[in-house]
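Written out below as structure tokens is the structure these notes cover.
Numbering (my numbering), first residue to last: 46 to 440.
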């Protein structure tokens, strides 16, 4: 037997604990080179394509379509001929703490049995993560019905959705003097994977990063004139203009493309800007790479592309951003403070363009302004640096 080189489940974000392989795009025996797409993995927030990091032959796939495994565990092996491949450890064992609390809210009498999804040997077809979730929640897999995975395979989300439906349709418990009346209580449903990831990420951010804020209100008449002139030539948005401006300032000020890593500071050579995108399930942050090397037309096209992909579940640039922009102006929000997206060191919160009275050259006139709030990691960015940033951005 020849030596094997493992292909690991990547950690696509600092809160990712496990991933589910949606589909392999190669098969055993195929030769791949660095950069080839190997498989699609479903994370807490999106479905992401995973590339090969080196050239070789796919000797064995150990986690198939629909399988769930912890990050940094092998999903396949590269090698020539027959290879020795150790079994993956802890497949599908991570992230079940929240389900244990949900179990108490399930009813004793479940709905009628649904059609079973059976494997050849008679077992219900389910991923390891789904089996673990069913064990924690006390759900019988043969009552879940056909799953959303390949060939009807039951995934963890199917088990959670079934458990939630049981909880919603169960009769309320008998009231007791020590409890509030039923009409005064809330309805309990488990958080989605995305919402749990957001909760963990933002809690870590506020607990470990010393946030502080610098706010500036900008006369945007010149920006609007520039935007209207360019929009007549090609599709773009005001947010694209702000991305372009931020890219220029970040290239001038290296601390805004830096991150704290223990007792070291890591400075990145280029500007990758994350765009906070709100969806029904929660917030995602696709990344526009190499903003410093693009003009407004290029930024606008790339922003549209990554945002559309994110809304379709294809999240790009996870963990590659150095700065994030969160814009609530389209909702009429005048100003707000955002939470830093770790491990980045800053985020810009952009409010609505609004009419206001402005003073220019000693004269009072009607104008349009926009309030922007920079939130910075005080471990890296001090007051003077933040003041210079918002001042230069205003210019």
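Virtual Cβ for every residue (Gly too), placed ideally from N, Cα, C.
- If you compare the alpha carbons of 180, 181, 175 with that of residue 197, the shortest gap goes to 175.
- When beta bridges are read from the DSSP output, residue 368 appears opposite 318.
- Contact between residue 319 and residue 372 is absent: CB atoms are separated by about 12 Å, not below the 8 Å threshold.
- The C-beta separation of residue 396 from residue 375 comes to about 10 Å, leaving the pair out of contact by the 8 Å criterion.
- Rounded to whole angstroms, the Cβ separation of residue 116 and residue 180 is 22 Å, and the two are not in contact under 8 Å.
- Annotation for residue 258: the continuous beta strand (DSSP E) segment containing it runs 256-264.
- Annotation for residue 253: the continuous alpha helix (DSSP H) segment containing it runs 238-253.
- Taken atom to atom, the span from the alpha-carbon of residue 206 to that of residue 87 is near 17 Å.
- For residue 303, the enclosing beta strand (DSSP E) begins and ends at 303-306.
- In the assembly as shown, residue 113 is a buried residue. Its beta-carbon has 16 or more other beta-carbons within 10 Å.
- In terms of CA proximity to residue 105, 124 leads the group 91, 124, 391, 288.
- A Cβ-Cβ separation of about 7 Å places residue 437 in contact with residue 297 under the 8 Å criterion.
- Taking a cut-off of 8 Å on C-beta distances, the segment 236-247 does not touch the segment 404-414, as fewer than three cross pairs fall below it.
- Of all C-beta pairs linking the segment 91-103 to the segment 357-368, three or more are shorter than 8 Å, placing the two stretches in contact.
- Under the three-state reduction of DSSP, residue 351 is assigned to helix.
- A Cβ-Cβ separation of about 5 Å places residue 344 in contact with residue 285 under the 8 Å criterion.
- A buried status is given to residue 65, since no fewer than 16 other beta-carbon atoms sit within 10 Å of its beta-carbon.
- The three-state reading of DSSP puts residue 205 in helix, counting H, G and I together.
- Only exposed fits residue 193, as fewer than 16 other CB atoms lie within 10 angstroms of its CB.
- Counting along the chain, residue 125 sits inside no alpha helix (DSSP H), nor does DSSP assign it H or E at all.
- A residue is called buried when at least 16 other Cβ atoms come within 10 angstroms of its Cβ; residue 235 meets this threshold and is buried.
- Where residue 105 is concerned, the enclosing beta strand (DSSP E) starts and stops at 101-106.
- Comparing C-alpha distances from residue 71 to each of 52, 103, 57, 80 shows the shortest one belongs to 103.
- According to the DSSP assignment, residue 328 belongs to the beta strand (DSSP E) that extends over 327-329.
- Using a Cβ distance threshold of 8 Å, residue 434 and residue 265 do not count as a contacting pair.
- According to the DSSP secondary-structure assignment, residue 421 is paired through a beta bridge with 257, 391.
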